[in-house]
Amino acid sequence: TRRSPELHRIVAALLAFPTISMAADKGPIRQAGRFGIGLGGGTAGAGLSAKYFMADTTALQATLDANTWSGGSWVGLGADFLMEMPAIADAEPVEVGWNVGAGVGVGLWDGDDSHKDYDSSNDGIGVGVSGIAGIELNFKPVPIDLVVEYRPSLGIIPGIGLDLVEFTVVVDVVGFDEP
Numbered sequence: 004t005r006r007s008p009e010l011h012r013i014v015a016a017l018l019a020f021p022t023i024s025m026a027a028d029k030g031p032i033r034q035a036g037r038f039g040i041g042l043g044g045g046t047a048g049a050g051l052s053a054k055y056f057m058a059d060t061t062a063l064q065a066t067l068d069a070n071t072w073s074g075g076s077w078v079g080l081g082a083d084f085l086m087e088m089p090a091i092a093d094a095e096p097v098e099v100g101w102n103v104g105a106g107v108g109v110g111l112w113d114g115d116d117s118h119k120d121y122d123s124s125n126d127g128i129g130v131g132v133s134g135i136a137g138i139e140l141n142f143k144p145v146p147i148d149l150v151v152e153y154r155p156s157l158g159i160i161p162g163i164g165l166d167l168v169e170f171t172v173v174v175d176v177v178g179f180d181e182p
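Heads up: the sequence shown runs through residues 4 to 182, numbered per the working numbering.
Pasting the structure below:
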């Protein structure tokens with residue numbers, strides 16, 4: 004399996020990111036105008052993740068996945084609308100919260116053109132939607148948002164497919180206010 008060198012650089016930068024963000028304002032994580040960046044999964048794959056709190060009770064989350072393998076390459080983009088529900092428990096240093104929402108994802112893949120048996124029918128587009136129910140651990144001092152999400156998904160293109168058992172994990176450093 005061959006991996007993209009760009010993806011390795013991005014992952015290395017993200018692993019260093021929590022150290023940089025320690026100086027950020029340590030106010031509530033689930034607050035209007037806050038945003039974070041990290042790693043996570045979504046409707047279209049797993050990769051870079053970003054989360055923006057539009058209000059204390061709503062957030063937009065996006066994931067970008069780019070990958071290469073011996074059979075070709077893939078890029079996927081997912082977008083989620085999340086309703087942030089009241090915290091289940093709130094004690095220093097962790098708040099336990101939950102969210103529900105819906106997401107959509109689009110993915111493009113390209114078969115390996117250099118392979119002697121290359122067939123353009125290996126290229127394609129995929130579109131899917133998912134429901135979301137997540138449990139959040141919001142680590143206040145750092146500030147890190149760790150979310151485990153249940154994501155039943157419905158593939159629409161290239162064909163109909165239902166996946167009722169799908170889980171993702173998202174880890175975002177959420178310590179930045181909108182400019």
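Even for Gly, the Cβ is constructed at its ideal location relative to N, Cα and C.
Looking at the DSSP output, residue 35 shares a beta bridge with no other residue.
CA-CA distance, residue 108 to residue 96, rounds to 34 Å.
Per DSSP, the unbroken beta strand (DSSP E) holding residue 139 starts and ends at 127-142. Beta-bridge analysis with DSSP links residue 147 to 142 and 176. For the options 101, 58, 53 and 51, the alpha carbon positioned closest to that of residue 36 is the one of 58. By the Cβ-count criterion, residue 41 is buried, with 16 or more other Cβ atoms from all chains shown falling within 10 Å of its own Cβ. With respect to residue 55, residue 49 sits apart: the two C-beta atoms are not nearer than 9 Å. Per DSSP, the beta bridge partners of residue 93 are 98. Look at residue 61 here: in three-state DSSP terms it is strand.
DSSP lists no bridge partner for residue 162.
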